[in-house]
Amino acid sequence: ADDGVMPQTVEAIQHAKAADVPIIVAVNKVDKPAANPERVKQQLSDYGLIAEEWGGETIFVNVSALQRKGISELLEMILLQAELLELKARYSGYAMGLVIESRLDRGKGPVATVIVREGVLRVGDYFVAGASWGKVRTLSDDLGKLVKEAYPSMPVEVVGFSELPSAGTKFMVVGEERIAYLIAERRKEREKEAALRGTSRRTLSLEELLSPESGKTRELNLLLKADFQGSLEAIEKAIAQLENENVKINFIFKGVGNITEADIMLASASLGVVVGFNVKLPNEVAKIAKREGVDVRLYRIIYELVDDMDKAIKGMLEPKKVEEILGKLEVRALFRVARAGTIAGCYVTQGKIERGALVRIWRGSDLIQEGVRISSLKHFKEDVREVTQGYECGVGLEGFDDFREGDILEVYTIREEK
Numbered sequence: 010a011d012d013g014v015m016p017q018t019v020e021a022i023q024h025a026k027a028a029d030v031p032i033i034v035a036v037n038k039v040d041k042p043a044a045n046p047e048r049v050k051q052q053l054s055d056y057g058l059i060a061e062e063w064g065g066e067t068i069f070v071n072v073s074a075l076q077r078k079g080i081s082e083l084l085e086m087i088l089l090q091a092e093l094l095e096l097k098a099r100y101s102g103y104a105m106g107l108v109i110e111s112r113l114d115r116g117k118g119p120v121a122t123v124i125v126r127e128g129v130l131r132v133g134d135y136f137v138a139g140a141s142w143g144k145v146r147t148l149s150d151d152l153g154k155l156v157k158e159a160y161p162s163m164p165v166e167v168v169g170f171s172e173l174p175s176a177g178t179k180f181m182v183v184g185e186e187r188i189a190y191l192i193a194e195r196r197k198e199r200e201k202e203a204a205l206r207g208t209s210r211r212t213l214s215l216e217e218l219l220s221p222e223s224g225k226t227r228e229l230n231l232l233l234k235a236d237f238q239g240s241l242e243a244i245e246k247a248i249a250q251l252e253n254e255n256v257k258i259n260f261i262f263k264g265v266g267n268i269t270e271a272d273i274m275l276a277s278a279s280l281g282v283v284v285g286f287n288v289k290l291p292n293e294v295a296k297i298a299k300r301e302g303v304d305v306r307l308y309r310i311i312y313e314l315v316d317d318m319d320k321a322i323k324g325m326l327e328p329k330k331v332e333e334i335l336g337k338l339e340v341r342a343l344f345r346v347a348r349a350g351t352i353a354g355c356y357v358t359q360g361k362i363e364r365g366a367l368v369r370i371w372r373g374s375d376l377i378q379e380g381v382r383i384s385s386l387k388h389f390k391e392d393v394r395e396v397t398q399g400y401e402c403g404v405g406l407e408g409f410d411d412f413r414e415g416d417i418l419e420v421y422t423i424r425e426e427k
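Heads up, the sequence shown is in our numbering, so the first residue is 10 and it goes up one at a time.
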């Protein structure tokens, strides 16, 4: 109440709106002399949160966490909202929930905090959470007290995971240990297959969002990040001028600083595109963007950024090149062939290998060469077009014969996406 609306508050509002969930505003620190709840209401009205007493639909509750004032009223408002939304949960049958965070404890191993959504979770239950599985060894409530059961809407710390589950993963109790194990193993296989095919879940790219569709206005949701506030405002203004009768541009979030995991998740929830100017995309965040299928565009020159947006809106942007991993081979033997140079005797460890595909050669952690095309592919003495996992083959590359036993060949293709 004394600081007013902070950037993290705005970010939380954007996330809640993107997920289309109701918002209850708890105005904290009202015990401080400088507290001004009315100013907070005024500021939040700029983001579409209009207080009920002002004729809006947003519930505001003044609280002091330090003095524990207003907590009962806040809980009452939450229960009232739940009643109005007719939120009900099943208490019978196997428990289901959601992992909200996880960590590795030295004494307990993989530990996760789970919100129970349906059913009753009990010590001794077998469960699956993504590619992790296990048996509930202990349950602890939000105060750290050991409990034997957890009911819907109750957060509990669960000990007994085979490996760390990701936040946001669905948690599900099953009847037998064997079933839990089989489900988790099958999910691991699917994850590997998806990684090889490069077909993890994705949202729409910039080009797809703006692909022409007769008689319809297209909406482009942009999350904009820049190095300075001045740059941010200039880019926003320039992009906004590109809007026309066929394309409506929505800025779902604008901020200064490097692209974060929160930015990616907001873009994913909003079917949006992340545009960054003079900012960085950390490797870990890039992996999350790939997993979520979020299109991230980075620029160093404002003209190029605006030009790309303009071309995309007009349907003129050049196709995006996408790498697709086909498989991997291990070099196990070398053969000198007259007029053909060195042929690598390989074993396909993952996926499949196609003649004409591109190869990246790894020697330990060192990248030796990439972009080399497979010129010949043999299974025993027969020329073949394709060799799959678990089989041996002979591989010849265009302009490269410096193979060594133990080299890993990563095979991939480049395709264009409109």
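Quick reminder that beta carbons are idealized off the backbone N, C-alpha and C, glycines included.
For residue i, the three-state DSSP class (helix, strand or coil)
| i | result |
| --- | --- |
| K50 | helix |
| T358 | strand |
| V282 | strand |
| M181 | strand |
| A35 | strand |
| E172 | coil |
| K197 | helix |
| M163 | coil |
| A44 | coil |
| E407 | coil |
| R300 | helix |
| V493 | Nothing can be reported for residue 493: it is not among the residues displayed for the chain, which extend from 10 to 427. |
| E158 | strand |
| R341 | strand |
| A347 | coil |
| L191 | helix |
Distance, residue j Cα to residue i Cα
| i | j | result |
| --- | --- | --- |
| F237 | V265 | 6 angstroms |
| R211 | E166 | In this prediction, R211 scores a pLDDT of 46, lower than 50, which makes its location untrustworthy; no coordinate-derived value is stated. |
| E407 | V420 | 14 angstroms |
| S178 | Q52 | The question names Ser, but residue 178 is Thr in the sequence shown. So the two alpha carbons sit approximately 35 angstroms from each other. |
| L386 | Q359 | 16 angstroms |
| Y308 | T18 | 27 angstroms |
| R112 | V120 | 5 angstroms |
| R306 | I423 | 19 angstroms |
| N253 | D319 | 11 angstroms |
| A98 | R126 | 7 angstroms |
| K144 | F180 | 12 angstroms |
| G239 | R48 | 26 angstroms |
| A298 | F262 | 16 angstroms |
| L152 | G336 | 48 angstroms |
| I362 | E194 | 25 angstroms |
| D316 | A235 | 17 angstroms |
| G224 | L314 | At G224, the pLDDT of 44 sits below 50, so the modelled position is not reliable; the number obtained from the coordinates is stated separately. Roughly 28 angstroms between the two C-alpha positions. |
| V39 | E62 | 18 angstroms |
| R345 | S384 | 16 angstroms |
| R348 | G354 | 17 angstroms |
CA nearest to the CA of residue i, picked from the options
| i | options | result |
| --- | --- | --- |
| I26 | V284, K330, A278 and K296 | The identity of residue 26 in the sequence shown is Lys, whereas the question assumes Ile. When only C-alpha atoms are compared, the closest one is A278. |
| T351 | E395, L275 and D410 | D410 |
| M105 | K117, D316, V182 and K154 | V182 |
| G2 | L148, E186, Y190 and G116 | There is no way to answer for residue 2, as the model of the chain reaches only from 10 to 427. |
| K117 | S141, F170, I297 and E95 | F170 |
| V368 | K390, G405 and K289 | G405 |
| F286 | S54, E245, K323 and G79 | E245 |
| E158 | D150, L130, G281 and N259 | L130 |
| E110 | A247, P174, E313 and V282 | P174 |
| H24 | R364, W63 and A276 | A276 |
| L148 | L241, V132 and E242 | V132 |
| R187 | F260, V168, V156 and W142 | W142 |
| M163 | R199, F136, V156 and I124 | I124 |
| L251 | P291, E301 and K323 | K323 |
Identity of the residues DSSP links to residue i by a beta bridge
| i | result |
| --- | --- |
| T269 | Paired residue(s): none; T269 is not in a bridge. |
| R147 | In the sequence as presented, Arg is not what sits at residue 147; that position holds Thr. V168. |
| G336 | G360 and V420 |
| R227 | V256 |
| E62 | Per DSSP, none; premise fails for E62. |
| K330 | E425 |
Please go through the segment 359-405 and give each complete beta strand (DSSP E) segment of 3 or more residues, from N-terminal end onward. Qualifying beta strand (DSSP E) stretches, in chain order: 367-372, 375-388 and 395-397.
Quick check for students: name the residue ranges of the beta strand (DSSP E) that lie wholly in the segment 65-129, counting only runs of 3 or more. 68-71, 105-114 and 118-127
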